[in-house]
Amino acid sequence: MDRSNVTFLDLPDEILLIILKKLDNMDVLYSLLDVDNQRLDTIILDKAFTKTLNFVLTTIADDVLSIADSMLNRYCSNILPKIDHNVTSLILEAEAMERILLAADYPNLTELKLFNVIDYIVSHYFTVESPFRRIFQQQITDFTLLNCTEYRSSVVSNINNLPNMKCFSLECRCSTNQYDTHVLPLLRRMSNLEELSLNIINEKRTSCVDDTQINENILVHMPRLNKFTFYISTGTKLNHIVHHLSNHDIQRTFTNIGYQQICCFLNRISNGVICHAFSLPFAFDYLEYIGNTFPSMVFNHVIELAVHDILPFKHEFCMRITRCFPLLKIMRVLNSRPQLQLSHEFNSNDNQFHSIAEYPYLTSLSLLYSHTDYVEQFLNQTKTYLPRLSE
Numbered sequence: 001m002d003r004s005n006v007t008f009l010d011l012p013d014e015i016l017l018i019i020l021k022k023l024d025n026m027d028v029l030y031s032l033l034d035v036d037n038q039r040l041d042t043i044i045l046d047k048a049f050t051k052t053l054n055f056v057l058t059t060i061a062d063d064v065l066s067i068a069d070s071m072l073n074r075y076c077s078n079i080l081p082k083i084d085h086n087v088t089s090l091i092l093e094a095e096a097m098e099r100i101l102l103a104a105d106y107p108n109l110t111e112l113k114l115f116n117v118i119d120y121i122v123s124h125y126f127t128v129e130s131p132f133r134r135i136f137q138q139q140i141t142d143f144t145l146l147n148c149t150e151y152r153s154s155v156v157s158n159i160n161n162l163p164n165m166k167c168f169s170l171e172c173r174c175s176t177n178q179y180d181t182h183v184l185p186l187l188r189r190m191s192n193l194e195e196l197s198l199n200i201i202n203e204k205r206t207s208c209v210d211d212t213q214i215n216e217n218i219l220v221h222m223p224r225l226n227k228f229t230f231y232i233s234t235g236t237k238l239n240h241i242v243h244h245l246s247n248h249d250i251q252r253t254f255t256n257i258g259y260q261q262i263c264c265f266l267n268r269i270s271n272g273v274i275c276h277a278f279s280l281p282f283a284f285d286y287l288e289y290i291g292n293t294f295p296s297m298v299f300n301h302v303i304e305l306a307v308h309d310i311l312p313f314k315h316e317f318c319m320r321i322t323r324c325f326p327l328l329k330i331m332r333v334l335n336s337r338p339q340l341q342l343s344h345e346f347n348s349n350d351n352q353f354h355s356i357a358e359y360p361y362l363t364s365l366s367l368l369y370s371h372t373d374y375v376e377q378f379l380n381q382t383k384t385y386l387p388r389l390s391e
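Each residue of the sequence shown is one higher than the one before, starting from 1 at the first, in the UniProt record's numbering.
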């Protein structure tokens, strides 16, 4: 064979498979399936390319969108009907869910991750009248809801029991006052759950979500639960706090499901108190409204942080943030109190006494609701170094 004329398709199947596995499987299917080459089709139909399909894109601003319509059209009309028997996992944007699920049967689908879930999506598809009832109630064992917004209480009452559900994840990035009326009733329909992940920001509750509530409202309804990863933030009025939350008590509650380390702390803000309770190590990428008093630990997954307090933030606080949140990319500072006790070492531009707070990955900083002292704190390079800041 003349080596100068060797083409991609002249390579052995094993080599082709190795090369194609280096590429994104969605691009491989879209670009190479049905190009009038049966040998290539046989390779591409391997489960390595068809088992998990990701139909979402993440923008630079971390917004989650569905793939382009042209790509979606080809998948729904030509690709999915040929590979649906291999598909076990789908990652979808909620608006495109109906079109994708109706394109094929997916007899082996067991895992579904859904982004940007809004009211009508839940009310139309997660009920007993849903055209996808078989998928949700008989097939799906691992279900993740991300970027959820509020939904009506009537929706929950229409959701049937989900006895096949083994793993469930729920992430609500916006504040909600429907934890008790919506989230808890939904969880109680999953009596055979083995793994649960919750990331919820509560507001307007009369009490914090503490150990007793977690145990009585969640754990006792899930006898098979063996893994519980959570971050529950609860905002309440100051006069509703009637007892001091004990980290020891919360930790004791989780002993039965194998958890020895739980963290719980309070942050006082202008109109109340925020209680943070989470499993360790902290598993999520977002933490909201911590203040001067927070645990000295490394949050390796957090890339977005909001800080808020009724007391001023000193330079030492900024140094703690750099140590505890080493991968921080987005930060919001909310503090109307001036830095009254600025160290005299900062009175001159030639600072020899304090370390510079360095945020090597921070690209976005918001000081919109902060005293002007924090503009000086974060934008004066003798105090803070932000090499990647762009907005």
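Ideal Cβ positions, reconstructed from N, Cα and C, are used throughout, including at glycine.
Because the structure is a prediction, the values reported are computed rather than measured.
Give me, in chain order, the residues of the same chain whose beta-carbon lies closer than 6 Å to that of Thr384; leave out the 5 immediate sequence neighbours on both sides.
Ala357, Phe378
Contact between the stretch 34–44 and the stretch 54–67: three or more CB pairs below 8 Å?
no
Ignoring anything shorter than 4 residues, give me the alpha helix (DSSP H) runs that lie fully in the stretch 39–99, in order along the chain.
47–50, 69–74, 80–83
Examine the Cβ distances between the stretch 5–14 and the stretch 24–33 and report whether three or more of them are shorter than 8 Å.
no
Check Lys166 in the structure and name its three-state DSSP category.
coil
Could you tell me the boundaries of the beta strand (DSSP E) in which Asn202 lies?
195–205
What are the boundary residues of the alpha helix (DSSP H) that Tyr30 is part of?
25–32
Identify the continuous beta strand (DSSP E) that holds Phe317 and give its terminal residues.
Careful: Phe317 lies outside any beta strand (DSSP E), inside the alpha helix (DSSP H) at 315–324.
Just mark Tyr374 as buried or exposed, buried being the case when its beta carbon has 16 or more other beta carbons within 10 Å.
buried
Would you kindly check if the distance between the Cβ of Ser191 and the Cβ of Thr229 is under 9 Å?
no
Leu114 versus Asp142: straight-line alpha-carbon distance, rounded:
11 Å
DSSP three-state assignment for residue 468, whether helix, strand or coil
Coverage of the chain is limited to positions 1 through 391, which leaves residue 468 absent and any answer about it impossible.
Quick one: residues in its chain with C-beta nearer than 6 Å to the C-beta of Ile330, no 5 flanking neighbours on either side, listed in chain order?
Glu304, Ser364
Assign Thr206 to buried or exposed, taking buried as 16 or more other Cβ atoms, counted over all protein chains shown, within 10 Å of its Cβ.
exposed
Unbroken alpha helix (DSSP H) run spanning Asp180, endpoints:
Counting along the chain, Asp180 falls outside any alpha helix (DSSP H), and DSSP gives it neither H nor E.
Chain-order list of residues whose beta-carbon lies under 7 Å from that of residue 392 (same chain, five-residue window excluded):
As displayed, the chain neither begins before 1 nor continues past 391, which places residue 392 out of reach and without an answer.
From what residue to what residue does the alpha helix (DSSP H) around Asp13 run?
13–21
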